[in-house]
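What follows is a short report on a single structure.
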Amino acid sequence: MKKCLLTLICLINACVVEAQTNCNVYKDKAHQLACQYYTDAIEYPQGAKASQQLFIRSLEACVTFGPTLHEMSVPYLKRGDFYTWKLLMDKAVQADPAAYLGDRGWCYFKHLHDYQNCYADLYRLYKLTNGQPGYTGDGDYDLRLLMAISQREMGNNKLAMYYFNECIRDHEKKNAIGLFDYLHRGVTLLKMKKYAAALADLKLEVQKYQKLADTHYYLGLTYLALHDTRNATKSLNHARDLFLKTGYHRTDPYCEEPDQVYLTDITEVLATMGKKGSQ
144 MKKCLLTLIC LINACVVEAQ TNCNVYKDKA HQLACQYYTD AIEYPQGAKA
194 SQQLFIRSLE ACVTFGPTLH EMSVPYLKRG DFYTWKLLMD KAVQADPAAY
244 LGDRGWCYFK HLHDYQNCYA DLYRLYKLTN GQPGYTGDGD YDLRLLMAIS
294 QREMGNNKLA MYYFNECIRD HEKKNAIGLF DYLHRGVTLL KMKKYAAALA
344 DLKLEVQKYQ KLADTHYYLG LTYLALHDTR NATKSLNHAR DLFLKTGYHR
394 TDPYCEEPDQ VYLTDITEVL ATMGKKGSQ
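In terms of our numbering, the sequence shown opens at residue 144 and continues consecutively.
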């Protein structure tokens with residue numbers, strides 16, 4: 144799998160301009176003034192000199208004003224200046240943990256593949272929110288799924304399955320299954336060599352998102368592990384066709400997505416199967 148291109152940063156919804164703030168909700172003058180400068184700053188394009196200067200004035204009025212610290216950090220994230228981004232985001236989290244732990248954890252996950260710090264942030268938020276930490280800024284993931292994937296990537300499959308199962312049970316009760324819930328749990332089960340359970344989840348994912356090439360690739364691997372060569376070949380060929388022609392595949396212009404599949408992954412497995420079949 145290709146690594147995340149750390150020098151290029153995805154323009155993500157977690158880093159969009161915050162909604163217009165009613166500065167009257169703040170009772171003290173320092174926060175009100177900081178809020179006013181913040182509101183003026185976000186009228187300018189993100190990262191513009193005028194915007195950043197107003198953010199500085201906002202922090203001069205109130206050094207712990209969370210919205211300013213967060214928004215001021217965003218251009219640095221997009222430019223790949225993770226050091227400055229982290230300095231500002233750490234202060235934002237310190238000022239308002241419940242508001243910014245999710246964003247920082249997601250950025251650790253997506254841009255840095257720092258699963259340890261991602262999990263630490265999201266677990267802290269999980270505790271603060273009674274097990275309901277919310278979603279990523281783009282809405283693709285319940286943050287519990289990121290906790291699960293982070294644990295899997297750190298080699299803790301048992302804890303990963305705990306969060307997968309808790310999250311998916313919750314979604315099933317609410318009839319609100321996420322777009323990739325079954326995919327990631329299915330891939331995890333495949334890695335754990337629990338092939339029957341993996342197959343069940345991946346079939347559920349196909350029902351949810353029929354034309355996703357990635358799912359059919361993992362279905363093919365699962366059938367292959369079960370020595371079902373016919374269905375493995377069928378699934379892998381379908382994955383290739385979806386990738387090239389009529390379907391979709393997980394992709395991001397800057398970062399590798401969780402469990403993302405590349406065309407070479409599919410063709411290499413098919414080529415290996417073809418060589419074995421000809422022997």
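All residues carry an ideal CB built from backbone N, CA and C; glycine is no exception. Fair warning: this is a prediction, and the values are worked out from it, not measured in the lab.
- Proximity to residue 252 across 265, 241, 242 peaks at 265, based on C-alpha coordinates.
- By the neighbour-count definition (other C-beta atoms within 10 Å, threshold 16), residue 324 is a buried residue.
- Of all C-beta pairs linking the segment 396-406 to the segment 353-373, three or more are shorter than 8 Å, placing the two stretches in contact.
- Taking C-beta separations shorter than 6 Å and ignoring five residues to either side along the sequence, the partners of residue 175 in its chain run 166, 169, following chain order.
- Residue 365 sits buried, since 16 or more C-beta atoms from the chains shown fall within 10 Å of its C-beta.
- In the three-state reduction of the DSSP assignment, residue 285 falls in the strand class.
- Membership of residue 211 in the alpha helix (DSSP H) is indicated by the continuous run 209-222.
- In the three-state reduction of the DSSP assignment, residue 406 falls in the helix class, which pools H, G and I.
- In the displayed model, residue 187 falls within coil according to three-state DSSP, outside both helix and strand.
- In the three-state reduction of the DSSP assignment, residue 278 falls in the strand class, which pools E and B.
- The three-state secondary structure of residue 355, taken from DSSP, is strand.
- The way I'd put it, the segment 370-380 doesn't touch the segment 305-321; fewer than three beta-carbon pairs between them come closer than 8 Å.
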